[in-house]
Structures are given as structure tokens and as C-alpha cells.
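Working notes, structure below.
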Amino acid sequence: MPDLEIELICKQIRRHIVRMVYEAKSGHIGGSMSAVEIMTVLYSEFLNHDSERPDWPDRDRFIMSKGHATPVQYAVLSQFGYIPEDELKTFRQLGTRLQGHSVLGKPPGVENSAGSLGMGLSFGLGQRLGLRLKGSGANVFVLMGDGEHNEGQIWEAAMAASHHKVSNLIGLIDLNGIQNDDFTEKTLNTNSLANKYRAFGWQVRDDIDGHDVASVREAFLWAQSTAIEGPVALQFNTVKGKGVSFMENNPAFHGAPPSDDQFKQAMTELS
Amino acid sequence: MINVPDEAATREALGPGLLKAAERSEIVVVDADLGKSTTARLIADQYPERFITFGIAEQNMASAAAGIATTGFTVIASTFAVFAEHAFDQWRMSVAQPNLDVKLFASHGGVSSGEDGASAQSVEDVGVFSSLVNFTVCVPADVVEAEAMVAAAVDNYGPWYVRLGRAKVPTIYENGSSFQVGKADTLREGNDVSIVACGLMVDRALQAAELLSDDGIKARVINMSTIRPLDTATLFKAASETGAIVVAEEHLVHSGLGALCAQALASKNPVPMEFVGIQNRYGESGKWFEILELLGLTVEGITDATRRVLSRK
Ligand SMILES: Cc1ncc(C[n+]2csc(CCOP(=O)(O)OP(=O)(O)O)c2C)c(N)n1
Ligand SMILES: [Mg+2]
């Protein structure tokens, strides 16, 4: 897809994210906005999927490990035919399929349950192990936050993935520098995640601009060919709240909805 | 199992049970460096690709088991009961909430790890896993029932927790006896009082009933080996026909079989109850049977409780 077209889709997805959280008066904007290009490029050019057959055994899997980033996940699923756009309005409302944190199968296309951070890489690792036993080379992509890497379970999974020489497992790190309360550096400095993954036996790229479509695409291309040999991690350098000036790099917009005025201004900036 | 020994640990059923299950089902066995002790590792020789170890990493094992299950396998995880608890949220969010086909066989349940002391003894595991929606929870009375449970777990969809033990306890079932999930087994008839038990307390309940019969007390003995879903039909029948119930379990009384039975009975047919179990404490080092003695989980503990409950009838 031409870059310009993808950028337009990204803007549309950002508008959905802001509106969903504004209307629900709750939800996680910041970490949704930082992952827009990652997910849009993935779904449009790399993820082998079919919204008509969400149970197709040989499909690639997208695992949302940072399960609070449902606004971007649902907006992307809507963009790629899994959910009618209208349904996004039901986000976080009683009776909705679109709960605050991801629930497996709701809607079809959501491949895992999440919310408690740190479990997605293990879950994706298990899927790859199962797919390998079934003789399938389908890829499993796992999106994780940088703060999420405080959780020890991720490192259990990282160790096991290289030990078992698990191919076609691609970890996506949204390195936006902010977690719940504050900047990651102040909360728990994880230092270089890329070097840690390398030390755990993964192939890693850490030179990716997570908001530049060409850079993201090039990283996925590299990952696709490299992951045939073993687990791969892509560290996307991103900006939390990307696309709305007063949300960018602002810990306040991790999990707070915009006010009426902020909503108006955000939509103007995203028009 | 060809020869059923007079005494055996319920964990001894796991490996052989899995070998049989692998002949007819697509199973994957996951492990956290305790496959020899749980006996699950038996499967590795014949099916090396179906046995995956994750090292000493129970949280990763639990979530990865869930991931494997989504690709169409029945997954059997095993570790010790206390280490299963180590990954509670992983069992909750990765397995229970999406209702995936993962079976957790936890060995060294209860106080059977004896000499290892309090940290190794699970006095709360049945309560912990019974608290999870979608989980079937079972405690076999002996090695024969344990092996039948392995088969039943593999054949029935959904998450299971099965507590196995390390202690060699008397075998009470005949070779080849069947197990039906959610169905209690009345082992001895009687209309004066019912003793509802699970695990190694079933044999002790049978011994207690025998002693009580010397005094003319006819005790019914029920093996409630499925804790969840509870066989309330058998329980209500026992309450109405015998009018008093004693529950005996190798577990904390406030969160195990007794608590669940009391809750079920309270809203339907409350009758006097007594509870033989562990009272708000952890275990300590000693031989497993010495610890049971210390905690009052004995034949005498059951006969005493029975006399108490009869006096309240
Ligand atoms: C196990 C667990 N502990 C705490 C939380 C609460 N929590 C939700 S989001 C979050 C911060 C996540 O930061 P990061 O992974 O960097 O995500 P992003 O910046 O991409 O939103 C925290 C602590 C949680 N969801 N799970
Ligand atoms: Mg972050």
C-alpha cells in the first residue's frame, strides 16, 4: 500500500481512538496512539489474515499483550473488516463485545485475553509451539509495552523461545518511554531492552522509527525473513500519545480520557 | 495399570494415564522441571515432541499452555501444587477466562510433601482453583481413581485442576474402576450420618465408619472426588436421608470441600455439619502421616466429629 494511503488510515484510526475513549469517559489513549503505525502496517501488509475466516488454522496471529491498548486494537479490527465501524461506539459499555481489555474471541480476531501485563509473549510462544507441532509456519506477532517489560514472565518466555529455537515468533516492543504513573526511566529503568533480548538469544532491531511507515515496513520485512531461524524482537521507538500535541510524551494521558475541550482540540489536530 | 498395588501415591497414575491418553488424543504435556516427580515425564520417551519443558517458570508454562491449546491440542501441565499456585493470575487470565483446554495435574498436594515443611505443603490449593470460573476441580481417593481422572480430563473439554499426592495411601478401588466427573461415589451405605470426604481422607472415612458401626452407628461414606462442579444431588440426598454431615479433607476448612458443601446445603437443606480439616494454619516438617496426626486428620478425628454432629441432630 502506498505510504500516503497508510498514513491516512493511521489518522482515521487515531480519530477513532480519541473518540472511543472520550465517549466511554475511560480507556487508554497514550499507548494506543503510539502503536498506530505498528499495527496498521502489520495488518495491511504483513499479517496473513482474513476477516471472513477468523478461525482459519493457518492464519498469522496478532497477540495484544498490553491489553489496555484496546482502542487501537478495535479501531484496527474495524478498519480491516472484523467489526462494523458503528460498533466502536459500544466500547466499554454494558453488553458490548469491546471490553476495556482484550477478551479472546470478542470479537473474532482478538486472539487472546489480556489486561494483566506480561503474559502475551508466553501465550504467543505457546501458539508457535502448537503451530510447529501442526506443521504450520504461521507467524505469531506479540505487541508489548516497554513498562510491561518490568514483568518477569516476559523474560521467562524470552528464555524459553530461544531455548526451543522457536521460529516465526516476532515480539513487537512499543518503546514509548512511559508507563502508568511516570516515565519508565523514573519508575523502573529497564535500560536497553534490545540488549536484553540479544542476551536471551533473540535477533533484534532497535533502529526503527515507530511512526515512520517506511521504517516500520522495512523492519517487518527484515523480521519476516529473519524469524525463520528463531525468535525476533522489533523495538519501535515511539511517542506516547502520538498525534495530539498535548498528549504527546505526557504521562497524564496513559489512562485518562480527554475533557470536552481537549477532545475538540484533539479532533482538530487530527483532521 | 496392570497390577494395582495395595498402597500407591496418586501421582503414580499421571505418567501411565498420559501414555494411554496419547494413543487416542492429541495431547501436549508441558512441564516446569518436575516431570520426574510428577511422573508426567514418562511420556517423553515415546513422544519426545509432545513433552515440552519450560524450566522453573510456572507463569510462562501456564500462559504458554493456553497458547498451545488455541492451536487444537489438549494440554496437560504438571508441577507441584504449591508451584501451580505460583502462577495464579496466569491460570485465571490465560486459561480460565478464555476457557481453554488445559489440564493442571498438581502433585505433592496437601501435606504429602511432609519433611519439606510448610512451604511445600498446599493447604489451600483446592480453594484457590475452585475460586476460578470454568475450572473443574478434582481430588482422587487413590491411584485407580487418579488414572481414571487422567482419562476423563483428556476426554472432557475445559480447564481442570487435579490434586495428586506423594504419600503412598491405601488403594480402595478395584482395578479398572471408572470415574465420572461431577458424580460422587457412595462407598458405604448408612442412614444415621454421612461422611463426605475426598483424597486420602476417603480411606480414613471408611475406617471411621467401620469403627462407628461397632457402636451401632450407621455412617454413609461418600467419596466427593469432584469438588467442582459439586454433586449436589448426592449431597442433598445425604442430608435429607441421614440428617447430619461430616466433611473430611486434607485442606483448610474455610475454603475447601467442606465450605462448598456447607454453602450448597445452607440454601437447600441445612443440617448439622462438622468439619475435619486444617484450621487456619500451615503445616510443618515431619512424615506426612505424622502431620495428619498433628492436624487431627485421623480416623479418630472423624469418629469424634461424627459423635459431635450426632449429638446436634
Ligand atoms: C500485571 C499488571 N500490573 C499492573 C497493571 C496496571 N497497568 C495498566 S497499564 C500499565 C502501564 C503499562 O505501561 P506500558 O507497558 O509501557 O504500556 P503503554 O505505555 O504502551 O501504554 C500498568 C502498570 C496491569 N495492567 N497489569
Ligand atoms: Mg510505555
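Just so you know, the sequences run in chain order A and B.
Using the working numbering, you'd call the opening residue of the first sequence number 1 and step up by one each time.
Using the working numbering, you'd call the opening residue of the second sequence number 272 and step up by one each time.
Where is the CB? At the ideal position from N, CA and C, for every residue including glycine.
Buried or exposed by the 16-neighbour rule on C-beta atoms within 10 Å, applied to residue i
i: F553 of chain B; result: At residue 553 of chain B the sequence reads Tyr, which differs from the Phe that was named. When all chains shown are included, Y553 of chain B counts as exposed.
i: N139 of chain A; result: buried
i: L285 of chain B; result: buried
i: I562 of chain B; result: buried
i: L568 of chain B; result: buried
i: K240 of chain A; result: buried
i: D261 of chain A; result: exposed
i: I273 of chain B; result: At I273 of chain B, the pLDDT of 45 sits below 50, so the modelled position is not reliable and the matter cannot be decided from this model.
i: L270 of chain A; result: buried
i: P2 of chain A; result: exposed
i: K66 of chain A; result: buried
i: K374 of chain B; result: buried
i: F246 of chain A; result: exposed
i: K264 of chain A; result: exposed
i: Y428 of chain B; result: exposed
i: H101 of chain A; result: buried
i: Q317 of chain B; result: exposed
i: R583 of chain B; result: exposed
i: P369 of chain B; result: buried
i: D372 of chain B; result: buried
i: K25 of chain A; result: exposed
i: K558 of chain B; result: exposed
i: G447 of chain B; result: exposed
i: H163 of chain A; result: exposed
i: A576 of chain B; result: buried
i: R53 of chain A; result: exposed
Identity of the residues DSSP links to residue i by a beta bridge
i: A497 of chain B; result: Note that residue 497 of chain B is Thr in the sequence shown here, rather than Ala. Note: T497 of chain B sits in a beta bridge opposite B:C409.
i: Q235 of chain A; result: A:I173
i: I186 of chain A; result: It is worth fixing the name first, because residue 186 of chain A is Lys in this sequence and not Ile. In the DSSP output, where bridge partners are listed per residue, K186 of chain A has none listed.
i: Q203 of chain A; result: A:V232
i: Y43 of chain A; result: Y43 of chain A is not bridged to any residue.
i: D55 of chain A; result: Note: D55 of chain A sits in no beta bridge, so no partner.
i: A490 of chain B; result: B:V464
i: Y197 of chain A; result: Paired residue(s): none; Y197 of chain A is not in a bridge.
i: W431 of chain B; result: B:K374 and B:T407
i: I154 of chain A; result: Looking at the DSSP assignment, I154 of chain A forms no beta bridge with any residue, so it has no partner.
i: V213 of chain A; result: Paired residue(s): none; V213 of chain A is not in a bridge.
i: R61 of chain A; result: A:V140
Cβ-Cβ separation, residue j to residue i (assumed contact under 8 angstroms), whole Å
i: A455 of chain B; j: D502 of chain B; result: 4 angstroms
i: R210 of chain A; j: E7 of chain A; result: Position check: residue 210 of chain A holds Gly in this sequence, whereas Arg was assumed. Their Cβ separation, rounded to whole angstroms, is 14 angstroms, which puts G210 of chain A and E7 of chain A out of contact at 8 angstroms.
i: I63 of chain A; j: V142 of chain A; result: 4 angstroms
i: E117 of chain A; j: E151 of chain A; result: Note that residue 117 of chain A is Leu in the sequence shown here, rather than Glu. The Cβ separation is near 6 angstroms, so the contact holds.
i: A519 of chain B; j: A468 of chain B; result: 4 angstroms
i: T310 of chain B; j: E278 of chain B; result: The pair is not a contact, with the Cβ atoms about 16 angstroms apart (cut-off 8 angstroms).
i: L435 of chain B; j: T281 of chain B; result: 4 angstroms
i: A509 of chain B; j: T574 of chain B; result: The Cβ separation is near 18 angstroms, so there is no contact.
i: A515 of chain B; j: V542 of chain B; result: 6 angstroms
i: F546 of chain B; j: V524 of chain B; result: 4 angstroms
i: H254 of chain A; j: L193 of chain A; result: Not really, about 19 angstroms apart at Cβ, beyond 8 angstroms.
i: G126 of chain A; j: G338 of chain B; result: 2 angstroms
i: E329 of chain B; j: A355 of chain B; result: 7 angstroms
Contact test: residue i Cβ vs ligand 3 heavy atom, cutoff 7 angstroms
i: I178 of chain A; result: Inclusion of ligand 3 in the displayed structure is not the case, the ligand content consisting of ligand 1 and ligand 2 alone.
Any contact of the segment 200-211 of chain A with the segment 232-242 of chain A, i.e. 3+ C-beta pairs under 8 angstroms?
yes
Pull out every residue of the segment 331-358 of chain B whose Cβ sits closer than 9 angstroms to any Cβ of chain A, in chain order.
N331, M332, A333, S334, A335, A336, A337, G338, I339, A340, T341, T342, G343, F344, V346 and A358
Quick one: which residues of the segment 123-135 of chain A get their C-beta closer than 7 angstroms to a C-beta of chain B? List them in chain order.
F123, G124, L125, G126, Q127, L129, G130, L131, L133 and K134
Any 3 or more C-beta pairs closer than 8 angstroms across the segment 385-392 of chain B and the segment 441-451 of chain B:
no
Residues of the segment 147-161 of chain A with a CB closer than 8 angstroms to any CB of chain B: list them in chain order, please.
G152, Q153, E156, A157, M159 and A160
Of the residues that make up the segment 102-126 of chain A, which ones have a beta carbon closer than 9 angstroms to any beta carbon in chain B?
V103, L104, G105, E111, N112, S113, A114, G115, S116, G118, M119, G120, L121, S122, F123, G124, L125 and G126
Any chance the segment 56-66 of chain A sits against the segment 132-149 of chain A, with 3 or more Cβ pairs inside 8 angstroms?
yes
Evaluate contact between the segment 94-105 of chain A and the segment 173-186 of chain A, counting only Cβ atoms and requiring at least three cross-stretch pairs below 8 angstroms.
no
For the 8 angstroms Cβ check, are there 3 or more pairs between the segment 320-327 of chain B and the segment 356-374 of chain B?
no
Is the segment 17-33 of chain A touching the segment 214-227 of chain A, taking contact as three or more C-beta pairs under 8 angstroms?
no
Report the residues of the segment 536-566 of chain B with a CB closer than 9 angstroms to any CB of chain A, ordered along the chain.
none
Cβ contact (3+ pairs, closer than 8 angstroms) linking the segment 396-408 of chain B and the segment 477-494 of chain B
no
Chain A contacts from the segment 359-373 of chain B (Cβ-Cβ distance under 7 angstroms):
D360, Q361, M364, S365, Q368 and P369
Using a Cβ-Cβ cut-off of less than 9 angstroms, give me the residues of the segment 299-318 of chain B that come near chain A, in sequence order.
V299 and V301
Cβ contact (3+ pairs, closer than 8 angstroms) linking the segment 106-120 of chain A and the segment 78-89 of chain A
yes
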